[in-house]
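The next block holds one structure in the form of C-alpha cells; read it before the comments.
Protein chains: 4
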Amino acid sequence: MIDSVKKRSWKEHLHEIIYEADTKEGKFFDIVLLIAILASVMLVMLESIDSFDLKFHTSLNIGEWIITILFTIEYTLRVVSIKKPFKYIFSFYGVVDFLSTIPMYLSLIFIGSQGLVALRALRLLRVFRILKLARYIGASNKLLFALRSSSAKIAVFLFFVLIICIILGTIMYMIEGAENGFTNIPKSIYWAIVTLTTVGFGDIAPQTALGQLIASAIMILGYSIIAIPTGIVSAEMTKKDSDIDTNTQSCPACLKEKHIEKAVFCYHCGSTLN
Amino acid sequence: MIDSVKKRSWKEHLHEIIYEADTKEGKFFDIVLLIAILASVMLVMLESIDSFDLKFHTSLNIGEWIITILFTIEYTLRVVSIKKPFKYIFSFYGVVDFLSTIPMYLSLIFIGSQGLVALRALRLLRVFRILKLARYIGASNKLLFALRSSSAKIAVFLFFVLIICIILGTIMYMIEGAENGFTNIPKSIYWAIVTLTTVGFGDIAPQTALGQLIASAIMILGYSIIAIPTGIVSAEMTKKDSDIDTNTQSCPACLKEKHIEKAVFCYHCGSTLN
Amino acid sequence: MIDSVKKRSWKEHLHEIIYEADTKEGKFFDIVLLIAILASVMLVMLESIDSFDLKFHTSLNIGEWIITILFTIEYTLRVVSIKKPFKYIFSFYGVVDFLSTIPMYLSLIFIGSQGLVALRALRLLRVFRILKLARYIGASNKLLFALRSSSAKIAVFLFFVLIICIILGTIMYMIEGAENGFTNIPKSIYWAIVTLTTVGFGDIAPQTALGQLIASAIMILGYSIIAIPTGIVSAEMTKKDSDIDTNTQSCPACLKEKHIEKAVFCYHCGSTLN
Amino acid sequence: MIDSVKKRSWKEHLHEIIYEADTKEGKFFDIVLLIAILASVMLVMLESIDSFDLKFHTSLNIGEWIITILFTIEYTLRVVSIKKPFKYIFSFYGVVDFLSTIPMYLSLIFIGSQGLVALRALRLLRVFRILKLARYIGASNKLLFALRSSSAKIAVFLFFVLIICIILGTIMYMIEGAENGFTNIPKSIYWAIVTLTTVGFGDIAPQTALGQLIASAIMILGYSIIAIPTGIVSAEMTKKDSDIDTNTQSCPACLKEKHIEKAVFCYHCGSTLN
Numbered sequence: 001m002i003d004s005v006k007k008r009s010w011k012e013h014l015h016e017i018i019y020e021a022d023t024k025e026g027k028f029f030d031i032v033l034l035i036a037i038l039a040s041v042m043l044v045m046l047e048s049i050d051s052f053d054l055k056f057h058t059s060l061n062i063g064e065w066i067i068t069i070l071f072t073i074e075y076t077l078r079v080v081s082i083k084k085p086f087k088y089i090f091s092f093y094g095v096v097d098f099l100s101t102i103p104m105y106l107s108l109i110f111i112g113s114q115g116l117v118a119l120r121a122l123r124l125l126r127v128f129r130i131l132k133l134a135r136y137i138g139a140s141n142k143l144l145f146a147l148r149s150s151s152a153k154i155a156v157f158l159f160f161v162l163i164i165c166i167i168l169g170t171i172m173y174m175i176e177g178a179e180n181g182f183t184n185i186p187k188s189i190y191w192a193i194v195t196l197t198t199v200g201f202g203d204i205a206p207q208t209a210l211g212q213l214i215a216s217a218i219m220i221l222g223y224s225i226i227a228i229p230t231g232i233v234s235a236e237m238t239k240k241d242s243d244i245d246t247n248t249q250s251c252p253a254c255l256k257e258k259h260i261e262k263a264v265f266c267y268h269c270g271s272t273l274n
Numbered sequence: 001m002i003d004s005v006k007k008r009s010w011k012e013h014l015h016e017i018i019y020e021a022d023t024k025e026g027k028f029f030d031i032v033l034l035i036a037i038l039a040s041v042m043l044v045m046l047e048s049i050d051s052f053d054l055k056f057h058t059s060l061n062i063g064e065w066i067i068t069i070l071f072t073i074e075y076t077l078r079v080v081s082i083k084k085p086f087k088y089i090f091s092f093y094g095v096v097d098f099l100s101t102i103p104m105y106l107s108l109i110f111i112g113s114q115g116l117v118a119l120r121a122l123r124l125l126r127v128f129r130i131l132k133l134a135r136y137i138g139a140s141n142k143l144l145f146a147l148r149s150s151s152a153k154i155a156v157f158l159f160f161v162l163i164i165c166i167i168l169g170t171i172m173y174m175i176e177g178a179e180n181g182f183t184n185i186p187k188s189i190y191w192a193i194v195t196l197t198t199v200g201f202g203d204i205a206p207q208t209a210l211g212q213l214i215a216s217a218i219m220i221l222g223y224s225i226i227a228i229p230t231g232i233v234s235a236e237m238t239k240k241d242s243d244i245d246t247n248t249q250s251c252p253a254c255l256k257e258k259h260i261e262k263a264v265f266c267y268h269c270g271s272t273l274n
Numbered sequence: 001m002i003d004s005v006k007k008r009s010w011k012e013h014l015h016e017i018i019y020e021a022d023t024k025e026g027k028f029f030d031i032v033l034l035i036a037i038l039a040s041v042m043l044v045m046l047e048s049i050d051s052f053d054l055k056f057h058t059s060l061n062i063g064e065w066i067i068t069i070l071f072t073i074e075y076t077l078r079v080v081s082i083k084k085p086f087k088y089i090f091s092f093y094g095v096v097d098f099l100s101t102i103p104m105y106l107s108l109i110f111i112g113s114q115g116l117v118a119l120r121a122l123r124l125l126r127v128f129r130i131l132k133l134a135r136y137i138g139a140s141n142k143l144l145f146a147l148r149s150s151s152a153k154i155a156v157f158l159f160f161v162l163i164i165c166i167i168l169g170t171i172m173y174m175i176e177g178a179e180n181g182f183t184n185i186p187k188s189i190y191w192a193i194v195t196l197t198t199v200g201f202g203d204i205a206p207q208t209a210l211g212q213l214i215a216s217a218i219m220i221l222g223y224s225i226i227a228i229p230t231g232i233v234s235a236e237m238t239k240k241d242s243d244i245d246t247n248t249q250s251c252p253a254c255l256k257e258k259h260i261e262k263a264v265f266c267y268h269c270g271s272t273l274n
Numbered sequence: 001m002i003d004s005v006k007k008r009s010w011k012e013h014l015h016e017i018i019y020e021a022d023t024k025e026g027k028f029f030d031i032v033l034l035i036a037i038l039a040s041v042m043l044v045m046l047e048s049i050d051s052f053d054l055k056f057h058t059s060l061n062i063g064e065w066i067i068t069i070l071f072t073i074e075y076t077l078r079v080v081s082i083k084k085p086f087k088y089i090f091s092f093y094g095v096v097d098f099l100s101t102i103p104m105y106l107s108l109i110f111i112g113s114q115g116l117v118a119l120r121a122l123r124l125l126r127v128f129r130i131l132k133l134a135r136y137i138g139a140s141n142k143l144l145f146a147l148r149s150s151s152a153k154i155a156v157f158l159f160f161v162l163i164i165c166i167i168l169g170t171i172m173y174m175i176e177g178a179e180n181g182f183t184n185i186p187k188s189i190y191w192a193i194v195t196l197t198t199v200g201f202g203d204i205a206p207q208t209a210l211g212q213l214i215a216s217a218i219m220i221l222g223y224s225i226i227a228i229p230t231g232i233v234s235a236e237m238t239k240k241d242s243d244i245d246t247n248t249q250s251c252p253a254c255l256k257e258k259h260i261e262k263a264v265f266c267y268h269c270g271s272t273l274n
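Residue numbers (full-length UniProt numbering), protein chains in the order written: chain L, 1 to 274; chain E, 1 to 274; chain B, 1 to 274; chain A, 1 to 274.
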C-alpha cells in the first residue's frame with residue numbers, strides 16, 4: 001500500500017488522509033478532528049449556561065468562528081477529495097457536517113439562528129467512526145456483531161413493547177381521565193412507556209384504585225420482560241465470535257467500508273482501492 | 001392445497017381469506033385489516049386531544065363511521081364464514097372485535113357511549129396474530145418458545161414478588177402511616193411494587209428514618225432479584241431452538257392453529273383442513 | 001409409609017396432618033390454612049381503608065374474631081402435636097404464628113393494640129412453605145438451587161453496593177448539604193441507594209452542578225453493575241440442574257426438613273421419621 | 001515462611017503485621033482496623049444528624065479524638081515499617097489514610113475544617129483490601145476476574161451511552177428550552193442520563209409533545225440497551241474460571257501484591273519476600 005501512494009494525485013492523497021486512517025497523516029487528521037469536535041461541543045455547552053455566556057460572550061463568539069472556519073475547510077476538502085461529491089453531500093454524515101458548519105454564517109443574516117449550533121452535537125456521532133479506525137476496537141466489533149445478529153429478535157420485542165404501551169395507555173386514559181393528569185391518549189401512552197421501562201418520572205401518577213392496580217401490573221410486566229432483551233443478547237454473546245478481518249479503508253468512489261484486509265478492488269462498485 | 005381450493009364453496013373460500021394467510025387474497029385481506037386497525041387507533045388518539053378534536057370534529061366523526069362500517073362488514077363476514085359461529089363470537093378476539101364495532105351505534109342511542117371507542121385499542125392485539133402469519137417470524141417464534149418453556153419459573157418468581165410486596169407494603173403502612181402518604185394497605189402495597197420494580201414515581205415516599213431504611217432494603221432487593229427472570233430467560237435462550245414447522249392455517253371447525261405443515265386433518269377435532 | 005400410620009398415636013397422626021403434606025388430610029389442612037391466611041390478610045387490607053372500615057366495622061370485627069379463633073386452635077394444635085414444643089414456639093414461624101394470633105386478645109386489654117393485626121401479613125411467608133409441599137414446584141426448586149449456589153457471589157456484590165452507597169452518600173452530603181435536601185449522612189446514603197438502584201423517587205434530587213455530575217456517575221454505575229447479579233444468576237442457571245429427591249416430611253423431634261425420599265431416621269437428630 | 005520470620009528485624013515483623021494477613025497478628029490487626037474504620041464512619045454519620053449532635057456533642061467529640069489518635073498511630077507505623085515510605089504516602093490508600101487523620105488536627109487551627117472528617121468514609125474502601133485477605137473470597141475473585149476480562153467491552157458501552165446522552169441532551173435543550181426546566185445543555189445531559197438509566201427523578205420532565213416523544217425513545221433505548229452490559233458479563237461468567245493461586249503477601253520494597261503462593265522473590269522488583 002505504501003508503494004502505490006507515491007504515484008497518486010493530491011486528490012487521492014487527500015482522500016486517504018481524510019477518509020482513512022491507515023497512514024500517519026490519516027491518523028493525525030483524525031485526532032485533530034476529534035479534538036475540534038469535542039472543543040466545538042464544549043463551546044456549545046458553555047454558551048448554553050447563561051451566567052457563563054454573560055461573562056465570556058466575546059471569547060465564546062471568537063471560539064465559535066474559529067471552529068466554524070475549521071469545519072468549513074474540512075467540509076470543502078471532503079467535497080473536493082472525493083470522486084462523487086454528491087454521494088458525500090447527501091449522506092447522513094455529509095448533512096450533519098453541513099448543519100454543523102452553517103449556523104454561524106446564517107447568524108450574520110438571520111438573528112437568532114445561532115441557536116442551531118447545538119445541532120453540532122450530532123457531529124459527536126463521527127467519534128464512533130473515528131474510533132472505529134483505532135485498533136483496540138475488537139471489543140466494540142464483537143459487541144456490534146452480537147447486537148446485529150440479535151436485532152431481529154430485539155425489533156420484535158420493541159414492537160411488542162410499543163403495542164402493549166398503546167393498549168395500556170389507552171386503557172389508563174379511560175380509567176384515570178384528564179382530571180388525574182392523563183389529559184389525552186398520546187400522553188397516557190407516554191406515561192405507559194415511562195412506567196413499563198421502570199423510569200417512573202412521577203410527573204403523572206395514577207390516583208384511582210383501579211388505575212393503581214393496572215399501574216402495578218404494568219410495572220411488574222416491565223420488571224419481568226426486561227429479561228427478554230437481556231436473554232437475547234446474553235445468548236448471542238455466549239456464541240463464538242466471528243473472525244473476519246476488515247481494514248479501515250473506504251472506497252474513494254462509493255464510500256463503502258469494511259473491505260477485507262488486502263483487498264485491491266471495492267467489493268461494491270469495483271473501483272480500485274488505493 | 002391449491003387444487004382442493006377449486007371445489008370448495010364460497011364460505012370455505014371466505015374462511016381461507018379471513019382466517020388464514022397462505023393465499024394471495026388472504027395476505028391482502030390481512031394487510032388491509034392491519035391498516036384499518038392502525039387507522040382506527042390513530043383516530044381514537046387524535047379525538048382524545050381536545051385542541052385537535054375542536055378543529056376537526058366533523059372529519060374525525062366521518063372517519064369513525066367509515067371505520068365502524070368496515071369493522072361491521074368484517075365482523076359479519078367472520079361470523080358467516082365459520083362453521084361454528086358461537087365459538088368465534090365468544091372467543092377473546094370475537095369479543096374484542098364486537099366491542100370495537102359497537103360504540104358508534106350505541107352513541108346514536110346513549111349519548112356519551114362514544115368514549116368506549118378507545119376499547120378499539122385492544123384490536124391492536126390482532127396485529128400479533130396477523131404478523132404471526134408472515135414468514136419472518138422465526139425470531140418471534142423462538143422468543144415465544146423460550147418464554148413459554150420458562151413460564152413456570154417466571155410464574156413462581158412473580159408470585160414470590162407479589163407476596164413480598166404485600167408483606168412489605170403492610171409493614172410500611174404500620175411504620176409510615178396515613179400522615180406520610182401511606183393512607184391504606186392497598187396503597188402501601190402499590191408503593192412497594194413501585195419501589196421493588198425500581199420504577200419509583202415519588203408520589204409517595206417514606207419520611208421516617210425506619211421507613212427509609214426498609215425502603216432501602218426493598219430497593220436493593222428489587223435491584224438484585226431482577227437477575228432471576230433474566231437468568232431464567234438467558235438460560236432458556238442459550239438452549240437449542242426447536243425446529244417444528246407449523247403453518248398458518250386455522251381449522252374451519254374449531255379455530256385451532258399451529259397445524260404441522262402438510263397436515264390434512266385438524267389435530268384437535270379431526271375436521272378436514274382445506 | 002401408609003402401613004406404619006396405623007400404629008401411631010393421635011399426636012403422631014396430628015403431627016403428620018399439620019406439619020406434612022403427604023397424606024390426604026395433610027393436603028386438606030394445608031389448603032384450609034392457605035385460605036384462612038389469605039382471608040385474614042384480605043381482612044386487614046379492608047380495615048385499613050377508612051371509608052370501608054366506617055361502613056362495615058362490625059362485620060370486619062366479627063371476621064377478625066373468627067380468624068383469631070381459628071389461628072388460636074391451629075397454634076394450640078401445633079404446640080400439642082410436636083415432641084419438643086419450645087423448638088416450634090421459638091422458631092421463626094412459631095413467633096410469627098403467635099404474633100398473628102395475639103393482637104385481638106390484647107385489644108381487649110390495651111386499646112389500640114389492634115393495629116398489630118397487620119403483623120399477620122408475615123403469615124403469608126407460610127404460603128411458600130405450604131406451596132413447597134405441592135408437587136409442581138420443580139421449577140421453584142431449581143430457582144432456589146441456582147440462587148443458593150450463587151448466594152456467596154451475590155452477598156459480595158450487595159456488600160460492595162452498600163459500601164459504595166455509604167461512600168457516595170457521604171460525599172453527596174458534603175457537596176449538596178442540608179439546604180438541598182441532603183439533611184444528614186444517613187439520608188444521603190438513602191438517596192444514594194435510591195439512585196444507584198435506578199429507583200429515583202425524586203423526593204431528594206441534587207441541585208448543584210457538581211452534585212448532578214456525581215449523581216450522573218452513580219446512575220451510570222448503577223445502570224452498569226446491574227449486569228453483575230444478572231450475570232451470576234444466568235451463569236448458574238445455564239449449569240445442569242441437580243437431581244436429589246427430597247420429600248415433604250419434617251422430623252417430629254427437631255423439625256428438620258429435606259429428608260431424602262424413603263429415609264427412615266432423621267439425618268439430624270436420629271429420631272424415627274414416621 | 002515461619003522459619004524465616006525469626007531472623008527478621010522488628011521493622012520487617014511490623015510490615016508483616018500491617019501489610020499482610022498470613023500470620024495470627026496480621027489477622028488480628030486487620031480485624032481491629034476494620035472495627036475502627038466502621039466505628040469512625042458510624043461516628044461521622046451520627047454527627048451529621050443535628051438532633052443527635054446537639055444531645056451528645058461532647059461524647060461524639062471524645063470519640064472523634066480517640067479515632068484520630070488511633071489512625072495517627074496506624075499511619076505512623078505504616079510509614080515507619082515500609083522500606084520506601086514515599087511510595088506508600090503518595091499511593092491512593094496513603095492519601096486517603098492521611099486525609100482521614102488530619103481533619104481533627106486542622107480543626108484546632110481552622111474552625112469549620114471539622115466537616116472534612118466525612119472524607120473518612122473513603123477509608124471504607126480499605127474494607128475491600130482487608131476482606132481480600134480472608135479465605136472465603138473465591139467468589140469475589142471470580143467476580144473481579146469476570147469484570148476485568150469484560151472491562152474493555154463495558155468501557156466501549158459506557159462511552160457509547162455517554163455520547164448518546166450528550167447528543168440527546170443537546171437536542172432536548174433545543175426542543176424544551178429553559179422554560180420547561182432544561183435551563184442549559186449540561187443540565188439537559190444530566191436529564192438524559194437520568195432518563196436513559198431508567199432512574200427518572202422527575203425533577204425535570206419534558207412538557208412538549210415532541211419532547212415527550214423523544215423522551216419515550218430515550219426510555220425504550222435505555223430499557224433495551226441494559227441488555228448489553230448484562231449480556232457481556234453473563235457471557236464472561238459462563239466461561240471457565242481461572243485457577244491461579246495467589247497469596248496475600250505484599251512486597252516490603254515495592255508494595256506489589258498477588259504473589260504466587262510460595263514465591264520467594266517479588267515478581268516486580270526482585271526483593272526477597274519474607
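Using N, Cα and C, we set each Cβ at its ideal position, and we do this for glycine too. On a predicted model such as this, the values are computed, not experimentally measured, just so you know.
| Check | Outcome |
| --- | --- |
| For residue 17/E, which residues from the same chain have a beta carbon less than 6 Å from its beta carbon, with the 5 sequence-adjacent residues on both sides left out? | 25, 26 and 29 |
| Just the Cα atoms here: how many angstroms apart are residue 64/E and residue 231/L? | 42 Å |
| Start and end of the alpha helix (DSSP H) containing residue 206/E? | Counting along the chain, residue 206/E falls outside any alpha helix (DSSP H), and DSSP gives it neither H nor E. |
| Could you check the C-alpha separation between residue 10/E and residue 215/A for me, to the nearest Å? | 50 Å |
| Rounded to the nearest angstrom, what separates residue 182/A and residue 211/L at their Cα positions? | 30 Å |
| In the structure shown, what three-state DSSP assignment does residue 14/B receive? | helix |
| Does residue 171/B get closer than 8 Å to chain E when you measure Cβ to Cβ? | no |
| Please identify, using Cβ separations under 7 Å, the residues of the segment 228-239 of chain A that lie next to chain E, in order along the chain. | 230 and 234 |
| Please report the straight-line C-alpha distance between residue 31/L and residue 37/L, rounded to a whole angstrom. | 10 Å |
| Can you find at least 3 beta carbon pairs, one from the segment 186-200 of chain B and one from the segment 166-173 of chain B, that sit closer than 8 Å? | yes |
| Applying a beta-carbon distance threshold of less than 7 Å, which residues of chain A neighbour residue 154/L? | 224 |
| If you measure from the beta carbon of residue 202/L to each beta carbon in chain B, is any gap under 8 Å? | yes |
| With C-beta atoms as the reference, is residue 229/E less than 8 Å away from residue 157/E? | yes |
| Between which two residues does the alpha helix (DSSP H) carrying residue 52/B extend? | 50-55 |
| Along chain A, in chain order, which residues have C-beta atoms closer than 7 Å to that of residue 80/L? | What residue 80/L touches in chain A: nothing, since even the nearest Cβ is about 28 Å away. |
| Beta-carbon of residue 97/E versus every beta-carbon of chain L: anything under 8 Å? | no |
| By DSSP, does residue 184/A sit in helix, in strand, or in coil? | coil |
| Please work out which residues of its chain come closer than 8 Å, Cβ to Cβ, to residue 176/B, disregarding the five sequence neighbours upstream and downstream, and give them in chain order. | 182, 188, 206, 207, 208 and 211 |
| Per DSSP, what kind of secondary structure is residue 275/L in: helix, strand or coil? | Any property of residue 275/L remains undetermined from this structure, which presents chain L solely from 1 to 274. |
| According to DSSP, is residue 280/B helix, strand or coil? | The structure shown does not extend to residue 280/B, since chain B is modelled only from 1 through 274, so no value can be given for it. |
| Comparing the C-beta of residue 10/B with each C-beta of chain A, is any distance below 8 Å? | no |
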